[in-house]
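Structure first, then comments.
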Amino acid sequence: MKRNTPDTSPGPDFENSVRKKPQLSDTPPSHAHSSGHTMRMLVCFLLVLVLLTCTNGQLEWQEIASPVLSPDPRRDAGLGYDASRNQLVLFGGRPGTKDDTWIFNISSGTWRSVNTITHPAARFSFVSGLQGDYFYVSMGEGLDRLFYNDIWRFSLVTETWEELPAQKKPDHLSASQWDEKTMATMPEARYGAAGGIHSQGSSLFVHQGFSTRRYFDTFSYNVLNQSWSAEYCAGSVCNPYNPSYPHARCLHAGAMAAPHQLVVFGGCMSGGLTGGPCPSGDSWIYNSQTNSWTRIDGCPTPRVYGTMAAIPSSDGSRRLVLYGGVEELRQVLKTSVSEADEVSVLDPDGLVWYRQKATYLTSPPALRASSSMATTSTGVYMFGGILLESGDVTNDLWLLSGTAADTTTARMLPCTKHFANWILLHGIFMTFGWGGFLTWGALIARYFNAKGKLWFKFHVSFQVIGLVLATIGTVFAVLSVQSQHFMFAHGIIGIVVMLLGLLQPFNAFFRGNRPEVGQSRTLRRKIWEFIHHFSGRIAVLLALINISLGVFLAVVQTTLWALWYAYFAVLLVLVLIAEIFRGFTKEGRLHPQVRPSNDKTPEANYEVPESTGKTNYINPGYDSKISVKED
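Put into structure tokens, the structure is as follows:
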């Protein structure tokens, strides 16, 4: 796509429009002219110095002029940089699910199409990377929602494509003995994965992604040995309730920080048999040497379809840049939308994100998502993507020039602080509803129901308020899930808890009258008490467990889930103490009932009156006419 560059050169009337300073009457004309000329030279010098100071040592956007022959507009394509030939390699993308290959000569500024008979099937949203003389492509989605897990390489020497085996046949096995499908360890077919290969590495990493479900796993393909290896969470050993590794997601940004280090950011966790933020704002770094993930404190705005690449280094320092992406989705209530000239920079050694302003000559690139990036010696090239304002897919080419050292002098922006989504509201309402009012309402009914009606008023009030809050929180939960509701543990437990909770006020209509002093419970009353007490306690217990799972599913900060677990622990200690004290009272209440002096009847025969506070004791062998002296 061609862009018209505005003409910034002075017009013919430029000098005539400048007002001349009047000459002073007591100054010789020649001296005045010399002083004015010196002054103008000084001003010009200062202006140039200021401009150089403002722009030196910063990342800068530069649009590369597009020739007539260019690739079609596209998004979700693969882009790599060939340092030996100073050229870019482009493959695939959408719309139209493309299978074409293009090469951009950076020196001449021209594109050319590479026609090959054999090539990968048309696809988009795949993992790619360039190392040595080969450009690698793996995974992706093709026509009719067909997903791939094959791997191909494009030779930059012969400019031909070749499909690689999932696992190379060992030399000691014959062709008849070798069954690639049964002996190969390989990822399932998927799209929307993150990964790549470092320019000095030998392994192409594939992290998570989506097909019929979202994946937790991480794989690597050794391009020298030509074999897949499971790096992390292979099989079904991982779940979305463990805070020590990234949860299943797709459409996230990723890039290699070192041959053995992969950085990922954001993505969508909702749907695909799991739940969580969509978009997400968490970022992680994986070390294949230690087989461990480390979470990085957030700063950029949560997003999907973002793009990440390493920034070239001239002093040994390492930085990665994150640009673009979709930040406003259905789940989002409030966010700080990035500006077109804004980039986020990660220091993988210090594990710190920065939001920065990049400079530009005339204008920055239009804010976009699903663009493709490649690292060169002078900066990061960016191709195509979908423009967020218009929705058009573009084929423009930009260079974010600069090195890792230049990021230290750029204009810094504060980290994202204003972000809210339906999950946040769901968590707040459920925490106060079930974790607060409903839990304490149940505890009041169990431990403080011996005297008067005040406990009953508190119990009913807490239950009503808690159910209202929980019902609203359930609506927020439904709104937060992209698709496939109640298909994972947290969702299933949540719907069971709500059904048990909503059952409580309805079964109150069938509870029957509470027995008066000296009366035994009716069968109807016994059945109701069993159902009411059992279902209520099970609901509260499951709710507390589900909130404990939810704080991890929502990927909240460590401080928040630590506070919840501290509250949960205090609650358990208080219940334990209350149960011990309740056991000592024998009557089973913190306010003990008065027993007859000759009582030998088990505790189960006691009935607590609703409001009189008198002993309600039934013993077939006891003569009620005998007076009993109360303590």
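UniProt numbering applies: residue 1 is where the sequence shown begins, and numbers increase by one. All C-beta atoms in this analysis are idealised placements derived from N, C-alpha and C, irrespective of residue type, glycine included.
Can you tell me which of the options puts its alpha carbon nearest to the alpha carbon of residue i?
i: residue 645; options: Lys-417, Ala-442, Gly-583 and Ala-358; result: The chain is shown from 1 up to 631; residue 645 falls before or after that span and cannot be answered.
i: Ser-314; options: Leu-397, Val-556, Thr-378 and Ser-108; result: Thr-378
i: Ala-358; options: Gly-324, Ala-410 and Ala-175; result: Ala-410
i: Gly-129; options: Gly-324, Ala-194, Trp-228 and Thr-471; result: Ala-194
i: Val-475; options: Phe-506, Ser-317, Asn-507 and Gly-427; result: Gly-427
i: Pro-312; options: Phe-581, Leu-59 and Val-575; result: Leu-59
i: Ser-138; options: Val-157, Ser-113, Thr-116 and Leu-164; result: Leu-164
i: His-532; options: Gly-92, Asn-546, Gly-501 and Ser-520; result: Gly-501
i: Asn-225; options: His-490, Leu-454 and Gln-167; result: Gln-167
i: Asp-297; options: Arg-303, Thr-290, Thr-307 and Ile-285; result: Ile-285
i: Gly-275; options: Leu-479, Phe-510 and Leu-173; result: Leu-479
i: Asp-282; options: Cys-268, Leu-469 and Gln-482; result: Cys-268
i: Val-460; options: Gly-324, Thr-471, Phe-437 and Glu-342; result: Phe-437
i: Asp-76; options: Pro-67, Val-68, Gly-96 and Leu-69; result: Gly-96
i: Thr-212; options: Glu-188, Phe-205, His-198 and Ile-197; result: Glu-188
i: Gln-200; options: Gly-536, Trp-178 and Pro-259; result: Pro-259
i: Gly-109; options: Ser-84, Gly-78 and Ser-70; result: Ser-70
i: Pro-67; options: Asn-449, Ile-103 and Ala-508; result: Ile-103
i: Arg-123; options: Gln-131, Asp-133, Arg-145 and Leu-503; result: Arg-145
i: Ala-309; options: Asp-347, Ser-288 and Arg-295; result: Asp-347
i: Thr-290; options: Tyr-305, Ala-248, Glu-231 and Tyr-215; result: Glu-231
i: Ser-292; options: Leu-322, Tyr-245 and Gly-306; result: Tyr-245
i: Thr-394; options: Thr-376, Leu-367, Ser-401 and Ala-374; result: Leu-367
Excluding the 5 residues flanking residue i on each side, which residues of the same chain have their C-beta closer than 7 angstroms to its C-beta?
i: Gly-192; result: Ser-125, Gly-209, Phe-210, Cys-250 and Leu-251
i: Val-464; result: none
i: Leu-542; result: Ile-493, Val-496 and Val-497
i: residue 659; result: In the structure as shown, the chain begins at 1 and stops at 631. Residue 659 is therefore absent and cannot be evaluated.
i: Leu-549; result: Tyr-241, Ala-489 and His-490
i: Met-487; result: Leu-273
Can you tell me the Cβ-Cβ gap for residue i and residue j, rounded? I've got them flagged as a contact below 8 angstroms.
i: Gly-271; j: Pro-279; result: At roughly 13 angstroms, the Cβ-Cβ gap does not stay under 8 angstroms, so Gly-271 and Pro-279 are not in contact.
i: Val-540; j: Thr-439; result: 5 angstroms
i: Tyr-354; j: Ser-344; result: 7 angstroms
i: Phe-552; j: Pro-240; result: 7 angstroms
i: Thr-301; j: Thr-416; result: 5 angstroms
i: Phe-135; j: Glu-141; result: Contact flag wrong, Cβ pair sits at about 19 angstroms.
i: Ala-257; j: Val-264; result: The pair is not a contact, with the Cβ atoms about 11 angstroms apart (cut-off 8 angstroms).
i: Leu-388; j: Ala-369; result: 6 angstroms
i: Glu-159; j: Val-223; result: Glu-159 to Val-223, Cβ: 18 angstroms. No contact.
i: residue 637; j: Lys-334; result: Any answer about residue 637 is impossible in this case: the structure gives the chain only from 1 up to 631.
i: Thr-93; j: Gly-384; result: Note that residue 93 corresponds to Gly in the displayed sequence, not to Thr. That pair is a contact at about 7 angstroms.
Ignore the nearest five residues each way along the sequence and tell me which others in residue i's own chain have a CB closer than 8 angstroms to its CB.
i: Asp-392; result: Pro-73 and Ile-386
i: Pro-505; result: Gln-463, Val-464 and Leu-467
i: Gln-484; result: Gly-271, Gly-272 and Leu-273
i: Gly-196; result: Val-127, Ser-128, Gly-129, Leu-204, Phe-205, Gly-254, Ala-255, Met-256 and Leu-262
i: Ala-404; result: Ile-311, Pro-312, Ser-313, Ser-314, Asp-315, Ser-317, Arg-318 and Arg-319
Tell me which residues share the same chain as residue i and place their Cβ nearer than 6 angstroms to its Cβ, disregarding the 5 neighbours each side in the sequence.
i: Arg-330; result: none
i: Ala-234; result: Asp-217
i: Ala-477; result: His-426
i: Ser-229; result: Ser-220
i: Asn-105; result: Gln-87
i: Thr-118; result: Trp-161
i: Glu-327; result: Thr-301, Arg-303, Thr-335 and Val-337
Please state the DSSP three-state secondary structure of residue i.
i: Gly-129; result: strand
i: residue 634; result: With the chain running from 1 to 631 in the structure shown, residue 634 is simply not present.
i: residue 640; result: The chain is shown only over 1 to 631; residue 640 falls outside these bounds and no answer can be derived.
i: Ala-554; result: coil
i: Ser-548; result: helix
i: Asp-171; result: coil
i: Leu-251; result: coil
i: Glu-579; result: helix
i: Ile-538; result: helix
i: Tyr-245; result: coil
i: Leu-563; result: helix
i: Ala-166; result: coil
i: Thr-359; result: strand
i: Thr-110; result: strand
i: Cys-238; result: coil
i: Thr-101; result: strand
i: Ala-257; result: strand
Exercise for the section: Taking only runs that begin and end inside the stretch 363–448, name each unbroken beta strand (DSSP E) of 3 or more residues, in chain order. Expected result: 372–375, 379–387, 393–401 and 411–413
Problem - Sequence ranges, alpha helix (DSSP H) only - wholly within the stretch 180–205, length at least 4 - result: As for any alpha helix (DSSP H) of minimum length 4 sitting wholly inside the stretch 180–205, the runs are 180–183, ordered along the chain.
Exercise for the section: Would you list, in sequence order, the uninterrupted alpha helix (DSSP H) runs of no fewer than 4 residues that lie entirely inside the stretch 451–534? Expected result: 454–480 and 489–507
Problem - In chain order, each beta strand (DSSP E) run of at least 3 residues that lies wholly inside the stretch 291–345 - result: 292–296, 307–311, 319–323 and 332–334
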